[in-house]
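Read top to bottom, the protein sequences are chains A and B. Take 1 as the starting number for the first sequence in the working numbering and just add one per residue. Take 1001 as the starting number for the second sequence in the working numbering and just add one per residue. Shown next, in structure tokens, is the structure this report addresses.
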Amino acid sequence: MKNKVNQEFSKQDFIESFREGKRTGLQFLYKTFYGPMCYFLEKMDLDKSIIEEIVQDVFFKLWERRLDFDYFESVRGFLYTSCRNAALNRIQQQTRSRQQADRYTAQVDLIDLPISHQIVYMETLREVHEAIETLPEQCRHVMFKLVVEDLSPQEVAVSLGITTSTVYNQKKRGIELLRKRLKPDQFFCLLLLLLHY
Amino acid sequence: MEQIPQHIIYLLSKSKLERLSADEKQQLDSWLSNAPENRVIDDMVQDKLLFNNDLKKLSTYDWERSFQIFEQEYLTKPDSISFFKRAWFLKIAAVFIGFMALFFAYYIAGTGYQESPDPNIHPAKTAGMIYLNKGDSIALNTTDTLVALADISNKRANNKENLLVSTPKGAKLAVLLPDGTKVWMNAETQLDYYETDSLRQVRLSGEAYFEVAKKYLSSAGQIINLKPFTVQNGKINVTVLGTHFNVRATRNEHDFKATLYEGKVKVQQGQRQIILSPGQEVYMHDGQIERRTVDLDMGNALREGYFVFNSESLSTILKDIAAWYNVDVVYLDQEVKTEEFEGMLSRNSSLKDIINVLESTGKVKFKFKGKTIYVDRKQPK
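This is how it looks when you write it as structure tokens:
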């Protein structure tokens, strides 16, 4: 994983280059949202090949309309909303059997929520995932085991074949790095400040 | 759309990775008490089993692979591969034979027309030729409704499949390609199929209806990609994104048509590209591909066995009929060629029935001699 440093700062740069029709900008958005979009659709119980098709179609639409998007947030809203609409169309089109429809509603409670809430969940997921992915290698493995697999430091030490103290060290380092990364958007800091006074 | 609360995303993420400060905790709590949906989201994020499973799933998607395909499929201009090396020879031969036929037709014509067509003229029968790699060929003359070609090619060890299937005049053929794709071929159609590890391609001359089998690229990763299926005619490419469609592409490029029944296809002509949805059709207009909507209820022309004419000129209609019944057409009046007709007729009808329908419009008159149809304007009496 390269060029992740100062990502908050460069997000807008990528949007600019995307608007200018440069591949690097598009590639950044693809890299950022491909996984979350696929998984979002998978939660709606769609077939893998259809998911791939929908995601690529949505990106193609985004690319064609790139001049309409000024901010990272507007791109994000467009991507998730288009995925959802495409998925709902598909589900209606397929006129699934009742059984499948039941399974679909029983399994997925995320889907019953308003789209803005779905985005909050998917984006939290993405942020946490990306935060861990940006860590240096050993640190990442340790944090992955600790946070994602929910193992104790002792268990992590055993599974990675390192000492428990290394686990603690890496954890400390990881938290520090995450803290640096997890700076809230400056705009929202301002907003919160304004709300407070 | 409702505004997405970015700071909430931040707070939720932070709560997963490290502790929230008292201040932050308060902010999150006040958001949670705003709406019951907010609580659902928080519950989901704090649900270790669910959230951690979701995180793990997120690592399984390979964006790089998908992006590569996306760039290829959607963003690059098609690179044209040399089409039908033998095309020149075929064209010259076809033109030459055409002139000969016309010459003889006129020469013999003159007297002794029949009022109705020769009863020995039948609709197209299942027949065709299959040419294999080494120059061997197999003549088909079967009563089977579908000819499976899978066995023939499986015998070869290399992973390059290559087949050429053609139907002459007065013949039709339904084939199952080695990849499982079903193709209904009209008369006078040539289909050159080849398959490699990464793609499937058909060069088509004539008309065929395709039901493309979903075939996936074998990949080590988790992501499954559809193996591309492309139908090529001259400079036009039809790429399948999963699907049932009809392509008509005769030697004459102005006659090009691609109709989509199910799924999605992309049609490319040079830099220009159109992505079709079901019920749409690409046709040639002033040498350029254009999109239009068609009535799919009219029935699927080839597969279900109909001639479907949508305000088509008499010359187009008769070309189709000549190929299907293996007859020749001679025009005694040139203007009548541009008369337009509409209708839907069974491909199993006798030639006489079809002629009767066309004559019933009161615009044309047909005469026959052997296997030749003479077309004239109906003379007002």
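The beta-carbon is built from N, C-alpha and C at its ideal position, and this holds for glycine as well. All of these numbers come straight from a predicted model, not from anything done at the bench.
- 8 Å or more divides the Cβ of Glu1018 of chain B from the Cβ of Leu79 of chain A.
- In terms of CA proximity to Thr1126 of chain B, B:Arg1347 leads the group B:Lys1319, B:Arg1347, B:Ile1004 and B:His1285.
- Under a criterion of Cβ atoms nearer than 9 Å, the residues of chain B adjacent to Gln56 of chain A are, in order, Ser1066, Ile1069, Phe1070, Glu1073, Tyr1074 and Leu1241.
- Excluding residues up to 5 positions away in sequence, Trp1031 lie with their Cβ nearer than 8 Å to the Cβ of Pro1005 of chain B in the same chain.
- The C-beta of Met1344 of chain B has fewer than 16 other C-beta atoms within 10 Å across all chains shown, which makes the residue exposed.
- In summary, the residues of the segment 1011-1026 of chain B whose CB is separated from some CB of chain A by less than 7 Å are Leu1012, Ser1013, Lys1014, Lys1016, Leu1017 and Glu1018, in the order they occur in the chain.
- The C-alpha of Lys1363 of chain B is placed about 50 Å away from the C-alpha of Leu88 of chain A.
- With its beta carbon less than 8 Å from one in chain B, Pro36 of chain A belongs to the interface.
- Residue state for Glu73 of chain A is assigned as helix, using DSSP reduced to three classes.
- Along the segment 1318-1345 of chain B, there is no position whose C-beta sits under 8 Å from a C-beta of chain A.
- Counting only residues of its own chain and dropping the five nearest sequence neighbours on each side, Leu110 of chain A has a CB closer than 7 Å to the CB of Lys43, Gln118 and Tyr121.
- Contact between Val1231 of chain B and Thr1181 of chain B is ruled out by a C-beta separation of about 10 Å, above the 8 Å threshold.
- Annotated as distal: Thr1293 of chain B and Lys1264 of chain B, with beta-carbon spacing of 8 Å or more.
- In summary, Thr1167 of chain B is buried, with 16 or more beta-carbon neighbours lying within 10 Å of its beta-carbon over all protein chains present.
- Using a CB distance below 7 Å, the part of the segment 73-92 of chain A facing chain B consists of Glu73, Gly77 and Thr81, ordered along the chain.
- Note on Thr1361 of chain B: under 16 other CB atoms within 10 angstroms of its CB, so exposed under the neighbour-count rule.
- It is roughly 14 Å from the alpha-carbon of Leu1049 of chain B to the alpha-carbon of Lys145 of chain A.
- Neighbourhood of Asp68 of chain A in chain B, by CB distance below 9 Å: empty, with the nearest CB roughly 14 Å away.
- Taking the beta carbon of Phe14 of chain A as reference, no residue of chain B falls within 8 Å; the closest one sits roughly 14 Å away.
- Note: Arg1248 of chain B is bridge-paired with B:Glu1207 and B:Lys1257 in the DSSP secondary-structure output.
- Under the Cβ distance rule, Ile1041 of chain B counts among the residues neighbouring chain A, one pair being separated by less than 8 Å.
- DSSP, reduced to helix, strand and coil, places Met44 of chain A outside both helices and strands of the structure shown, so it counts as coil.
- Positions of the alpha helix (DSSP H) runs, each at least 4 residues long and wholly inside the segment 1299-1377 of chain B, are given as 1314-1325 and 1351-1359 in order along the chain.
- Straight-line spacing of the CA atoms in Tyr168 of chain A and Glu155 of chain A works out to 12 Å.
- Note: Ile1138 of chain B is bridge-paired with B:Ile1130 in the DSSP secondary-structure output.
- Its Cα nearest to that of Ile1130 of chain B, the residue B:Leu1176 stands out among B:Ala1124, B:Pro1123 and B:Leu1176.
- Under the DSSP definition of a beta bridge, Glu1073 of chain B lacks any partner.
- Restricting attention to B:Val1282, B:Ser1277, B:Asn1246 and B:Ser1315, the CA atom closest to the CA of Glu1304 of chain B is found in B:Asn1246.
- Contact check for Gly1206 of chain B and Asn1237 of chain B: beta-carbon distance about 17 Å, past the 8 Å limit, so the pair fails to qualify.
- Under a criterion of Cβ atoms nearer than 7 Å, the residues of chain B adjacent to Thr124 of chain A are, in order, Ile1009, Leu1012, Ser1013 and Val1045.
- The beta carbon of Phe72 of chain A sits closer than 6 Å to the beta carbons of Lys11 and Ile15 from its chain, once the five residues preceding and following it are set aside; these are given in chain order.
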